[in-house]
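Undergrad: Questions regarding the structure given below will be posed in turn.
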Amino acid sequence: MDRNLKRRLEARLEAQLRGPIRQRQDETEIRIQPGDVPDVLRTLHDAVDLRFEILADLAGVDTGEHMQVVYHLWSETSPDWLRVIADGLSRDDPRCPSATFLWTGAEWLEREAYDMFGIVFEGNRDLRRIFMPPDYTSFPLRKDFLLPDDAARSTGEGVRHVERSHAPAVVADDPAAGVRRAPAS
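The opening position of the sequence shown corresponds to residue 1007 in my numbering, with each subsequent residue numbered one higher.
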């Protein structure tokens, strides 16, 4: 746990923080408003005493009440990983500024979060489906996504079951492999 990192973050980002900085083992976590993403990420990336130059991951999160975008950053100036949570995106229209202005590789990560959660990253030049078909209308990792099974009465009703149980295959006796056929009942 890098207490020096905590002090540097508080000094630089105090006005944008939404709550206390949390630290546990080799992780430091800050929460910000989605609108503060460009300024906070630029400060974290460009400040000489921070230099979080590597975006290791970006993911969407659906808490059930609101949406989040989570960034995992690394810097050679600290042994801690930094988790930045853009908290409080609307479930009805989740929007967050893109991080592609700092990390071009964020384009693919943002496309995945869009495809799975429906989060629109404003400024991403290629925000389109990456896993699901282009005409797909749902977002599979959202908590309100219903699976097409017997219990769900959703838009998936009438779609072939996701999983089916099959009768076990009949296996010939093979004493060398220790396989014996189950007795018929």
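Just so you know, even glycine gets a beta-carbon here, dropped at the ideal spot from N, CA and C.
#1: Would you tell me roughly how many angstroms separate the C-alpha atoms of residue 1162 and residue 1144, rounded to the nearest one?
#2: Rounded to whole angstroms, what is the Cα-Cα separation between residue 1015 and residue 1078?
#3: Do residue 1131 and residue 1121 have their C-beta atoms closer together than 8 angstroms?
#4: Could you compute how far the alpha carbon of residue 1100 sits from the alpha carbon of residue 1151?
#5: Quick one: grab the DSSP three-state call for residue 1065.
#6: Considering only their Cβ atoms, is the gap separating residue 1023 from residue 1037 smaller than 8 angstroms?
#7: Looking at the strands, I want to know which residues DSSP matches up with residue 1030.
#8: Provide the residue(s) that pair with residue 1093 in DSSP beta bridges, ordered along the chain.
#9: Got a sec? Which residues, its chain only, sit under 7 angstroms from residue 1026 by beta carbon, not counting five neighbours each side?
#10: Do three or more CB pairs link the region 1067-1083 to the region 1040-1059 at distances below 8 angstroms?
#11: Do you know offhand how far residue 1073's Cα is from residue 1055's?
#12: Under DSSP, the beta strand (DSSP E) around residue 1101 begins and ends at which residues?
#13: Contact defined as beta carbons within less than 8 angstroms: I believe residue 1063 pairs with residue 1108. What is the distance between those atoms, to the nearest angstrom?
#14: Helix, strand or coil: how does DSSP classify residue 1014 here?
#15: Hey, how far is the Cα of residue 1129 from the Cα of residue 1119?
#16: State buried or exposed for residue 1066, treating a residue as buried only when at least 16 other CB atoms are found within 10 Å of its CB.
#17: Check whether the Cβ atoms of residue 1033 and residue 1057 lie closer than 8 angstroms to each other.
#18: Would you grab the beta carbon distance between residue 1035 and residue 1097 for me? Rounded to a whole angstrom, and I think it's under 8 angstroms.
#19: From residue 1139 to residue 1049, what distance separates their C-alpha atoms?
TA: The relevant details are as follows:
#1: At residue 1162 the pLDDT is 48, less than 50, meaning the model places this residue with poor confidence and gives no usable figure here.
#2: Their backbone Cα atoms lie some 15 angstroms apart in a straight line.
#3: no
#4: 15 angstroms
#5: strand
#6: yes
#7: 1033
#8: Note: residue 1093 is bridge-paired with 1074 in the DSSP secondary-structure output.
#9: none
#10: yes
#11: 31 angstroms
#12: 1101-1103
#13: With 8 angstroms as the limit, residue 1063 and residue 1108 do not qualify as a contact, their Cβ atoms being about 14 angstroms apart.
#14: helix
#15: Across the structure, residue 1129 and residue 1119 are spaced so that their CA atoms are roughly 14 angstroms apart.
#16: buried
#17: Cβ atoms of residue 1033 and residue 1057: not closer than 8 angstroms.
#18: The pair is not a contact, with the Cβ atoms about 22 angstroms apart (cut-off 8 angstroms).
#19: The straight-line gap from Cα to Cα measures roughly 37 angstroms.
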